[in-house]
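> Dropping a structure here in structure tokens format, bear with me for questions.
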Amino acid sequence: MLKLFAAVTFSLSLTLVSNFLQANEDFVTNQQTELKSQKNNWELDNIPEGIQASKPRISTARDSGIDGVNLYAKNVNFDVVDRIGFHIEELAATLVAKNTGEPVSFDDVESFTINIHHGKVLVSPEVLTLLFNKHILDYSPRPLNKLTISTEDNYLRAEGGLRLWSTLPGNDWLPAKLGGTVSLSEDNKIIYNIDQVKALGIPLAGLLKLLHVKLPWLLSLDREGAQLGSYELALDHRSVFPPPALAGNLSDVSVSPAGLHLTFSDNPDVQFDRAPVNKDSFLWIQSGDPKLYGIVALNAQVAIVSESVTTPLRFNLYNYRQQVAEGTIRVPNQDGTLIVTLPADTLGAIVPETEKICRNRAGFRAHCPESMCENSSGFKVHCDDVSNYRPRSVTPDPETICRNSVGFRIHCDDVKLSYADDKCKNSLGFNICK
Amino acid sequence: MLKIKKHLLIAILLFLPFHLSANDTNASADGPLLFINKTNFRFFDDIGFYVPKLVVKLIPNDPSQPVVFDEPTSFSITPLEGEVVLSGSALEALLNKHVFSFKGAPLRALTAKTLDKVFVLGGQMNRNGKWVPFQMKGNLTLSEGHILKYVPWAVSVDGEDAVAVLKAANVSLDELLTVHAKGADLIGSTIVLNARLLFPPPKLNLNIATANLEERGLVLTFNQTINSKVPASLTNADSSMIVTGGKVKFLQTMAENTTAEFQSLTEGKEFDFNLYNYVDQLVPGYIKMGKNGTIMAYMKNYNEIETVGK
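Protein chains in written order, with our numbering: chain A, 14 to 447; chain B, 7 to 316.
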């Protein structure tokens with residue numbers, strides 16, 4: 014019995030000793046073998062065909078070694094900020110971090126550029142309207158105000174307020190209409206060839222040309238990517254949109270009732286793999302290291318779709334956190350692919366901001382903050398609701414009163430425009446301060 | 007001679023010459039903290055612990071690298087505060103599916119049962135081609151915060167009591183046997199086991215405060231003070247794992263200084279997590295993200311997965 018007990022204990026002990034490692038090693042070996050297989054899959058060269066990529070760096074747990082994030086988009090409303098963006102018919106691009114080796118951070122839109130290989134995008138009239146009003150003309154003093162853009166075949170119209178020299182006449186905007194065709198310049202800019210200018214309903218384009226009065230003499234435009242020529246407005250697609258900057262040449266530009274069509278074809282040979290989604294509207298990151306939040310997806314395979322089966326995906330770059338927070342992420346299989354489903358686009362077509370119907374004493378439409386309108390009983394109301402409104406008498410701070418040469422009040426900021434050193438002169442050099 | 011308490015058993019553990027400084031208990035650049043609440047934490051299959059409440063530090067072997075969940079050998083786990091329970095079934099799984107799972111193993115069909123301060127190990131041993139049933143009962147003692155010693159005080163073989171014979175002959179085991187190997191020693195009649203060799207990776211840096219045998223299992227407690235505030239559940243979950251700080255990598259996704267919470271896809275069920283097969287749990291689940299970058303992963307409980315990984 015003693016021998017038997019010893020044998021039992023001996024067997025137990027020896028087994029525990031001699032076989033622990035063996036068992037563990039077998040166990041680990043199996044796990045490691047599986048991991049190695051997965052790693053090989055994760056580290057596959059997923060760079061789309063046709064992209065001349067530099068040799069990948071040595072990959073680490075924090076860096077796939079691949080420069081740039083390769084992105085393909087199809088049938089997507091891609092908003093950069095607010096509603097300013099594009100409807101992407103299809104687009105192949107590489108997002109390139111300005112600092113080589115860094116991931117492309119979606120939270121730092123100035124840290125990378127979007128290099129477009131090929132594709133077609135549409136900028137709708139509504140988006141053009143927003144682009145002008147909220148970005149290009151979002152400064153003061155400005156020559157144009159509250160533009161409304163409309164498009165038709167080969168023609169683009171703009172209607173809004175006009176202020177010559179950005180100052181005159183007083184606080185008011187002259188109702189104006191512009192019209193023209195769109196073309197592509199030799200230096201690959203979008204040219205708005207203005208052949209129609211109306212102010213107060215009076216056609217001026219012919220007169221201006223007859224008198225050889227060039228637009229920059231009357232209007233000053235101070236925005237990167239937008240430059241006023243003699244009788245045209247040049248928009249540089251690489252810089253006129255909010256960041257991130259676009260790179261890639263336009264091969265064609267056209268106008269239709271749907272909007273402004275931009276075509277890129279720098280590298281038509283770039284071919285992405287089929288996105289792993291059964292949708293006709295998606296964003297597909299095929300390779301590279303995008304960073305969202307504090308999370309880096311290495312050699313990412315990420316498809317972004319809408320939960321809707323009827324409306325295209327709408328993605329808002331500046332507001333992606335909100336969208337993703339309202340969406341769902343799934344890992345469909347072991348290869349690490351991520352499927353991000355965002356809420357259905359409920360924004361639909363852009364509805365122009367309701368314009369408050371207020372007019373100045375001269376009868377022109379003018380900006381009308383609610384505090385300036387009262388109903389017949391004297392209560393503050395929305396200007397739209399005022400049938401027989403009467404502007405409240407406002408007494409500005411005496412220090413802010415500035416007048417032009419003929420005695421009309423004007424924005425004091427306008428005074429500072431051209432002659433910062435002499436705050437009492439307007440852009441024409443007249444004394445205008447009281 | 008260490009005083010042997012009335013505890014028992016068989017398997018276990020270990021020791022690790024591991025010493026923590028006060029700073030080590032912060033979630034900092036050297037590794038994230040993992041807060042586990044009411045979760046069954048498996049390394050693989052049924053091998054693991056039930057965790058009523060525990061805070062652990064995850065430490066990558068290479069401080070410059072993240073903790074890679076898909077590569078358990080790349081990091082270690084240091085329990086700091088809380089308790090874990092190794093149930094009898096978990097110990098059985100450890101012995102049958104890991105320690106003695108290799109072809110030609112001399113023991114099989116091992117059973118493990120914990121009682122109040124007693125551990126009972128049974129099974130079959132192979133003697134010259136014949137499988138002979140045996141059963142042992144004993145106590146378990148903890149010393150130096152990381153060593154557990156098992157001293158059988160009752161042994162039966164094929165239904166026969168063997169203890170009386172040993173006593174009559176005044177023989178201790180180590181006079182008959184010489185066992186000296188990494189992680190396991192037979193000293194006198196005491197079996198000392200090293201947990202690092204018992205459990206699959208990642209390495210466990212255990213600094214146990216108490217080890218008690220109860221009916222629910224072998225209960226290990228840890229009482230290092232943590233300097234980090236225990237995070238609240240992102241979803242008011244009663245059962246979940248929350249990892250905060252440091253760099254953590256799942257599949258091809260690396261999160262840095264992020265808070266991520268993992269919980270059961272099935273509402274109302276306690277979370278059942280399997281480290282080696284977590285992706286199998288993630289695939290049928292989904293992930294939500296907060297606007298601030300927090301991650302909420304809803305995973306199918308491992309015990310609810312019918313085929314994958316089993």
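Think of the CB as a built atom: it goes at the ideal place given N, C-alpha and C, for glycine as much as any other residue.
1) Is A:ALA36 close to chain B, meaning its C-beta is less than 7 Å from at least one C-beta of that chain?
2) In chain B, which residues lie with their C-beta within 8 Å of the C-beta of A:ILE342?
3) Does A:THR42 come out as helix, strand or coil in the three-state DSSP assignment?
4) Should A:ARG155 be labelled buried (16 or more other beta-carbon atoms within 10 Å of its own) or exposed?
5) Do A:ASP348 and A:ASN53 come within 7 Å of each other at the CB atom, strictly closer than that value?
6) With DSSP as the reference, identify every bridge partner of B:PRO85, one or two as the case may be.
7) Starting from A:VAL140, trace the alpha helix (DSSP H) in both directions and tell me its first and last residue.
8) On a CA-only basis, which of B:ASP167, B:TYR156 and B:ALA215 is nearest B:ILE197? Give me that one, please.
9) Mind listing which residues of the stretch 69 to 88 of chain B have their C-beta closer than 9 Å to chain A's C-betas, in chain order?
10) Starting from B:ASP286 and walking both ways along the alpha helix (DSSP H), at which residues does that stretch end?
11) Determine, using beta carbons only, whether B:VAL161 and B:ALA168 come nearer to each other than 7 Å.
12) Taking a contact to mean a Cβ-Cβ separation below 7 Å, would you say B:PRO72 touches B:VAL254 in this structure?
13) Return helix, strand or coil for A:ASN53, following the three-state DSSP convention.
14) I need the straight-line Cα distance from A:GLU320 to A:ALA338, nearest angstrom please.
15) Who are B:LYS109's beta bridge partners in DSSP?
16) Taking the alpha-carbon of B:ILE248 as reference, which of B:ASN67, B:VAL289, B:VAL62 and B:VAL90 has the nearest alpha-carbon?
17) Residues of the stretch 267 to 289 of chain B with a CB closer than 9 Å to any CB of chain A: list them in chain order, please.
18) I'd like to know if A:TRP297 contacts chain B, where contact means its C-beta is closer than 7 Å to some C-beta of that chain.
19) Decide if the stretch 108 to 127 of chain A is in contact with the stretch 302 to 309 of chain A; the criterion is three or more beta carbon pairs, one per stretch, under 8 Å apart.
20) Step through the CB atoms of chain A and report whether any lies within less than 7 Å of the CB of B:MET260.
21) Is it the case that the Cβ atoms of B:PRO206 and B:ILE83 are separated by a distance below 7 Å?
22) So within the stretch 231 to 297 of chain A, which uninterrupted beta strand (DSSP E) runs reach at least 3 residues, ignoring any that extend past its ends?
23) Taking 6 Å as the cut-off, is the CB of B:SER82 close to at least one heavy atom of the ligand ATP?
24) Are the C-beta of B:LYS109 and some C-beta of chain A separated by less than 7 Å?
25) Tell me where the alpha helix (DSSP H) around A:GLN335 begins and ends.
26) Which bits of chain B does A:GLY349 rub up against, with CB to CB less than 7 Å?
27) Can you tell me whether A:ASN112 is helix, strand or coil according to DSSP?
28) If we define contact as Cβ-Cβ less than 7 Å, is A:ARG70 a contact residue for chain B?
29) How would you list, in chain order, the residues of chain B whose beta-carbon sits under 9 Å from the beta-carbon of A:ASN346?
30) Which residue comes first and which comes last in the alpha helix (DSSP H) that contains A:ALA212?
31) Taking C-beta to C-beta, are B:GLU262 and A:GLY307 nearer than 7 Å?
32) Give the DSSP bridge partners of B:ALA266, in chain order.
33) Within the continuous alpha helix (DSSP H) that includes A:ALA171, where are the two ends?
34) Using a Cβ cut-off of 7 Å (strictly closer), state whether B:GLY299 contacts chain A.
35) Hey, quick one: how far does the beta strand (DSSP E) through B:LEU199 stretch, first residue to last?
36) What residue does the beta strand (DSSP E) around B:SER162 start on, and which one ends it?
Looking at the atomic coordinates:
1) Looking up residue 36 of chain A in the first sequence gives position 23. Any reading at A:ALA36 must be qualified, since the residue scores a pLDDT of 47, below 50, and its modelled position is unreliable; no value is offered.
2) Counting from one through the first sequence, the residue named residue 342 of chain A turns up at place 329. Ordered by position in chain B, the residues that pass the 8 Å Cβ test against A:ILE342 are TYR292, ILE293, LYS294 and MET295.
3) Here residue 42 of chain A is taken as the residue at index 29 of the first sequence, counted from 1. Three-state result, A:THR42: helix.
4) Position 142 of the first sequence holds residue 155 of chain A. Label assigned to A:ARG155: buried.
5) Here residue 53 of chain A corresponds to residue number 40 of the first sequence, with the count starting at 1. Here residue 348 of chain A corresponds to residue number 335 of the first sequence, with the count starting at 1. Going by C-beta atoms, A:ASN53 is not nearer than 7 Å to A:ASP348.
6) Within the second sequence, numbered from 1, the residue matching residue 85 of chain B stands at position 79. Per DSSP, B:VAL62.
7) Locating residue 140 of chain A in the first sequence gives position 127, where the first residue counts as 1. Segment 138 to 144, the alpha helix (DSSP H) holding A:VAL140.
8) By one-based count along the second sequence, residue 197 of chain B stands at place 191. Comparing Cα positions, the closest option is B:TYR156.
9) SER70, GLN71, PRO72, VAL74, ASP76, GLU77, PRO78, THR79 and SER80
10) The residue given as residue 286 of chain B occupies position 280 in the second sequence. Looking at the DSSP string, the run of the alpha helix (DSSP H) that includes B:ASP286 is 284 to 288.
11) Working through the second sequence from its first residue, we reach residue 161 of chain B at position 155. Working through the second sequence from its first residue, we reach residue 168 of chain B at position 162. Contact: yes.
12) Taking the second sequence and counting its residues from 1, the one referred to as residue 72 of chain B is at position 66. Taking the second sequence and counting its residues from 1, the one referred to as residue 254 of chain B is at position 248. For B:PRO72 and B:VAL254, yes; Cβs fall inside 7 Å.
13) Taking the first sequence and counting its residues from 1, the one referred to as residue 53 of chain A is at position 40. Here A:ASN53 sits in helix by DSSP.
14) In the first sequence, the residue the question calls residue 320 of chain A occupies position 307. In the first sequence, the residue the question calls residue 338 of chain A occupies position 325. One C-alpha to the other measures close to 14 Å.
15) Sequence index remark: in the second sequence, residue 109 of chain B carries index 103 (1-based). B:LYS109 pairs with nothing; no bridge assigned.
16) Here residue 248 of chain B refers to the residue found at position 242 of the second sequence. It is B:VAL62 whose Cα lies nearest to the Cα of B:ILE248.
17) TYR282, VAL285, ASP286, LEU288 and VAL289
18) Locating residue 297 of chain A in the first sequence gives position 284, counting from the first residue. Not an interface residue.
19) yes
20) For the purposes of this step, residue 260 of chain B is taken as the residue at position 254 of the second sequence. Judged by the 7 Å Cβ criterion, B:MET260 is in contact with chain A.
21) Position 200 of the second sequence, counted from the first residue, corresponds to residue 206 of chain B. Position 77 of the second sequence, counted from the first residue, corresponds to residue 83 of chain B. Cβ distance not < 7 Å, so B:PRO206 and B:ILE83 don't count as in contact.
22) 239 to 241, 245 to 248, 258 to 260, 263 to 269 and 272 to 277
23) Among the ligands in the structure shown, none appear at all, so the ligand ATP cannot be discussed.
24) Within the second sequence, the letter at position 103 stands for residue 109 of chain B. Not an interface residue.
25) Position 322 of the first sequence, counted from the start, is the residue given in the question as residue 335 of chain A. 333 to 338 is the extent of the alpha helix (DSSP H) around A:GLN335.
26) As a working mapping, residue 349 of chain A is identified with position 336 in the first sequence. The contacting residues are LEU257 and GLN258.
27) The residue you call residue 112 of chain A lines up with position 99 of the first sequence. Correct three-state label for A:ASN112: coil.
28) As a position in the first sequence, residue 70 of chain A is number 57, starting the count at 1. No - not a single Cβ of chain B is within 7 Å of the one on A:ARG70.
29) Against the first sequence, residue 346 of chain A aligns to sequence position 333. In chain order: VAL285 and VAL289.
30) Translated into the one-based positions of the first sequence, residue 212 of chain A becomes position 199. Counting along the chain, A:ALA212 falls outside any alpha helix (DSSP H), though it belongs to the beta strand (DSSP E) covering 203 to 212.
31) The residue given as residue 262 of chain B occupies position 256 in the second sequence. The residue given as residue 307 of chain A occupies position 294 in the first sequence. A contact, by the Cβ cut-off of 7 Å.
32) In the second sequence, residue 266 of chain B corresponds to position 260, counting from 1. Answer is B:VAL249 and B:ILE301, bridged to B:ALA266.
33) As a working note, residue 171 of chain A is residue 158 in the first sequence. A:ALA171 -> not in any alpha helix (DSSP H); beta strand (DSSP E) instead, spanning 168 to 175.
34) Taking the first residue of the second sequence as 1, we reach residue 299 of chain B at position 293. Cβ-Cβ to chain A under 7 Å: yes for B:GLY299.
35) Locating residue 199 of chain B in the second sequence gives position 193, counting from the first residue. Residues 196 to 199.
36) In the second sequence, the residue the question calls residue 162 of chain B occupies position 156. 153 to 163 is the span of the beta strand (DSSP E), which, as asked, contains B:SER162.
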